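Trainee:
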Amino acid sequence: MLPGTDGFKPPDFLFHPDFSVIPPANQALPKQEPGIRPARALPYVLHAHGAIQVSDGSFHIDFGNIGTATAVFQVHSGSDAHIPRTYTVEPGKSLSDTWNLGSIGIVDCDLSVYGPNGFLRAFKGSVSDLRNAQLDVRATYDEKKMAITLALANGSAQSARVTVLDNYTGKTVDLKIKPAQTESKDWVLSRFSGWYDLVVTVADNSSIQYHFAGHVENGKDSISDPALGGALNLSAGQEAKKVESVESIASRN
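In this text, residue positions in the sequence shown follow the numbering used here: the first is 281, and each later residue adds one.
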């Protein structure tokens, strides 16, 4: 027999008219507190690889968890035809799912995958552009070097001109990928304590955008996201001071 719970009841259920709740005159959504803070190491090492299915214009996403804790992925679509989907993936396991697009009359793919610790993978582009480009982008991590690698494969019969923008530094990398070839590029993330935000676009297919963001964990304490904390929204003259601040906080952890 379970113990009684009467002792947990609030002592007063009555509404008191002398307690007047007045909402603020100028209402606004709460904002993230500015600045950078120390952050504990987390057990998440996640992947979400998405690719267009040339045969029917659907979009397929594989969810992988190679960390040591169960993780939940949420996928939101820009189309009203798809409701949000949630996936719980145990350590060492993977799941996959497919979103029908062209076969149900959706002309644009707009899928965003969210996970813990700032994890984001976003896949955008018209179905026709995605099928023509046949671009496949895979991310891998190097925890020892605190780096991320993007391997960009061109499955089409034409050369592809691809640009990768690093939103943390504002710098871009331009790649020309021959048909049936793969080009890889590394980004060392120690400058921002493992945080990354990379956007892939294709010159001849302007609607396509693949977005990779999150944090590479290496088992050590680090810092909170410097972009979310506003540490990257400074003028060029403050760049050196900003980077020194980010790196000094990271070095203390």
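Every residue gets a Cβ at the ideal spot worked out from N, C-alpha and C, and that includes glycine. On a predicted model such as this, the values are computed, not experimentally measured, just so you know.
Rounded to whole angstroms, what is the Cα-Cα separation between Ile384 and Leu322?
Mentor: Within the sequence shown, the letter at position 104 stands for residue 384. Within the sequence shown, the letter at position 42 stands for residue 322. Cα-Cα distance, rounded: 40 Å.
Trainee: Check this for me: beta carbons of Tyr421 and Val325, under 8 Å apart or not?
Mentor: Taking the sequence shown and counting its residues from 1, the one referred to as residue 421 is at position 141. Taking the sequence shown and counting its residues from 1, the one referred to as residue 325 is at position 45. Yes, the Cβ-Cβ distance between Tyr421 and Val325 is below 8 Å.
Trainee: Buried or exposed: where does Ser300 fall if 16 or more other Cβ atoms within 10 Å of its Cβ makes it buried?
Mentor: Along the sequence shown, one-based indexing puts residue 300 at 20. Ser300 should be labelled exposed.
Trainee: Assuming Ala437 and Pro459 form a contact by the criterion Cβ under 8 Å, report the distance between their Cβ atoms to the nearest whole angstrom.
Mentor: The residue you call residue 437 lines up with position 157 of the sequence shown. The residue you call residue 459 lines up with position 179 of the sequence shown. That pair is a contact at about 5 Å.
Trainee: Could you tell me whether the Cβ atoms of Phe339 and Leu294 are closer together than 8 Å?
Mentor: Residue mapping note: residue 339 aligns to position 59 of the sequence shown, counting from 1. Residue mapping note: residue 294 aligns to position 14 of the sequence shown, counting from 1. Result no, Cβ atoms of Phe339 and Leu294 do not sit closer than 8 Å.
Trainee: Tell me whether the beta-carbon of Gln489 lies closer than 8 Å to the beta-carbon of Gly372.
Mentor: As a working note, residue 489 is residue 209 in the sequence shown. As a working note, residue 372 is residue 92 in the sequence shown. Result no, Cβ atoms of Gln489 and Gly372 do not sit closer than 8 Å.
Trainee: Tell me, to the nearest whole angstrom, how far the beta carbon of Ala351 is from that of Val369; I am working on the premise that it is less than 8 Å.
Mentor: Position 71 of the sequence shown, counted from the start, is the residue given in the question as residue 351. Position 89 of the sequence shown, counted from the start, is the residue given in the question as residue 369. The pair is a contact, with the Cβ atoms about 6 Å apart (cut-off 8 Å).
Trainee: What's the call for Pro506, buried or exposed, on a 16-neighbour Cβ count within 10 Å?
Mentor: What you label residue 506 is simply residue 226 of the sequence shown in a count that begins at 1. Buried is the call here.
Trainee: Applying the 10 Å Cβ sphere with the 16-neighbour rule, what's the burial state of Val442?
Mentor: Taking the sequence shown and counting its residues from 1, one reaches residue 442 at position 162. It counts as buried.
Trainee: Kindly indicate which three-state DSSP category Ile386 falls into: helix, strand or coil?
Mentor: On the sequence shown, position 106 is the one that residue 386 refers to. In this structure, Ile386 counts as coil in the three-state DSSP scheme.
Trainee: Excluding five sequence neighbours on each side, which residues of the same chain lie with their C-beta closer than 7 Å to the C-beta of Ala349?
Mentor: Here residue 349 is taken as the residue at index 69 of the sequence shown, counted from 1. Excluding sequence neighbours, Ala349 sits near Pro323, Tyr324, Pro371.
Trainee: State buried or exposed for Ile363, treating a residue as buried only when at least 16 other CB atoms are found within 10 Å of its CB.
Mentor: Here the question's residue 363 lines up with position 83 in the sequence shown. It is exposed - the Cβ of Ile363 has fewer than 16 other Cβ atoms within 10 Å.
Trainee: Report all residues from its chain with a CB closer than 6 Å to the CB of Tyr367; omit the five preceding and five following residues, and keep chain order.
Mentor: As a first step, residue 367 must be located in the sequence shown, where it is residue number 87. Counting only Cβ-Cβ distances below 6 Å, and skipping sequence neighbours, we find Phe343, Phe353, Leu375.
Trainee: Using the three-state DSSP reduction, which class does Val325 fall into: helix, strand or coil?
Mentor: Here residue 325 refers to the residue found at position 45 when the sequence shown is read from its first residue. Here Val325 sits in coil by DSSP.
Trainee: Specify the secondary structure class of Val352 as computed by DSSP and reduced to three states.
Mentor: In the sequence shown, residue 352 corresponds to position 72, counting from 1. The answer is strand: DSSP assigns Val352 an E or B state.
Trainee: Going by the DSSP bridge assignment, what does Thr443 pair with across the sheet?
Mentor: As a working mapping, residue 443 is identified with position 163 in the sequence shown. Asp454, Thr481, per the DSSP bridge assignment.
Trainee: Does Asn412 have its Cβ less than 8 Å from a Cβ in chain B?
Mentor: Annotation note: the requested chain B is absent from the structure, which comprises a single protein chain.
Trainee: Tell me whether the beta-carbon of Ile341 lies closer than 8 Å to the beta-carbon of Gly330.
Mentor: What you label residue 341 is simply residue 61 of the sequence shown in a count that begins at 1. What you label residue 330 is simply residue 50 of the sequence shown in a count that begins at 1. Their beta carbons are under 8 Å apart, which means Ile341 touches Gly330 by this criterion.
Trainee: If you run the structure through DSSP and keep just helix, strand and coil, what is Gly287?
Mentor: Residue 287 sits at position 7 when you count from the first residue of the sequence shown. Gly287: helix per DSSP, three-state reduction.
Trainee: Can we say the segment 493-506 touches the segment 408-424, given the rule of at least three CB pairs closer than 8 Å?
Mentor: The segment 493-506, when compared against the segment 408-424, does touch it at the 8 Å Cβ threshold.
Trainee: Between the Cα of Gly395 and the Cα atoms of Pro290, Ala328, Asp388, Ala440, which residue gives the shortest distance?
Mentor: Reading the sequence shown from its first residue, position 115 is the one you call residue 395. Of the candidates Pro290, Ala328, Asp388, Ala440, the one whose C-alpha sits nearest the C-alpha of Gly395 is Ala328.
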